[in-house]
Structures are given as structure tokens and as C-alpha cells.
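If you count the sequence shown from 1, position 66 lands on 55 in my numbering, and the numbers rise without skipping.
Below is one structure, written out as C-alpha cells; comments come after it.
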Amino acid sequence: DAFNLSDLLKQDDSVSGNGGVTTDEMEKAYEMFLGQLVFSTNDPRIDIMENYDLVVDPQWLSWLDRKISSCTDVEEKMALR
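Here it is as C-alpha cells:
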């Protein structure tokens, strides 16, 4: 992988709630992780199970809920759900 979201999530949470990781960095990381899930050639269930610790992370789920809520494209919103 060119990008590993788990590295950001594993960092010490003692600084600013994200281990010193900026909101912009987390936003980019989440977008890339979502892209990996959406555009993977694997069965999505396999990708989800291989990244289970990430897909059940409360910060990720909160970000995804906000993304779905703010999405204006009906087809994209349905796909994200």
C-alpha cells in the first residue's frame, strides 16, 4: 500500500486527541482509506475483514457518518451507506 492509515491511528493519542496528527492529515487518510475500500478489485467484505480494526474505529465511523450526511449526490450517498 502507498498509504497505511493504521500508522496514523496507532500513534500515541496523548497530543490533541490524534497523537499530534492534524485534522487535515486525518481527513486525507480517511479519504484514501475510503478510496481503497471503494475501488479495490477485491470483494469488499474481504477488504473490510482485513482492515477490521480500522473500519470499527469510532473516529473513522464518525467521519464516515459526517461524509454521508453532507453528501449531495444521491447515488454517492447510497453507495457510501
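All residues carry an ideal CB built from backbone N, CA and C; glycine is no exception.
Note that this is a predicted model, so its numbers are computed, not measured.
Sub-7 Å separation of residue i and residue j beta-carbons
| i | j | result |
| --- | --- | --- |
| Ile37 | Val44 | yes |
Spatial neighbours of residue i in its chain, beta-carbon cut-off 6 Å, leaving aside the 5 residues before and after
| i | result |
| --- | --- |
| Asp54 | none |
| Met26 | Met is not the amino acid found at residue 26; the sequence shown has Leu there. Asp36, listed in sequence order. |
| Leu69 | Ile57 |
Span of the alpha helix (DSSP H), counted from its first residue to its last, around residue i
| i | result |
| --- | --- |
| Thr12 | 12 to 28 |
Other residues of its chain near residue i: CB distance less than 7 Å, five sequence neighbours each side excluded
| i | result |
| --- | --- |
| Tyr19 | Trp49, Trp52 |
| Val63 | none |
8 Å Cβ shell around residue i - same chain, five flanking residues per side excluded
| i | result |
| --- | --- |
| Glu16 | Trp52 |
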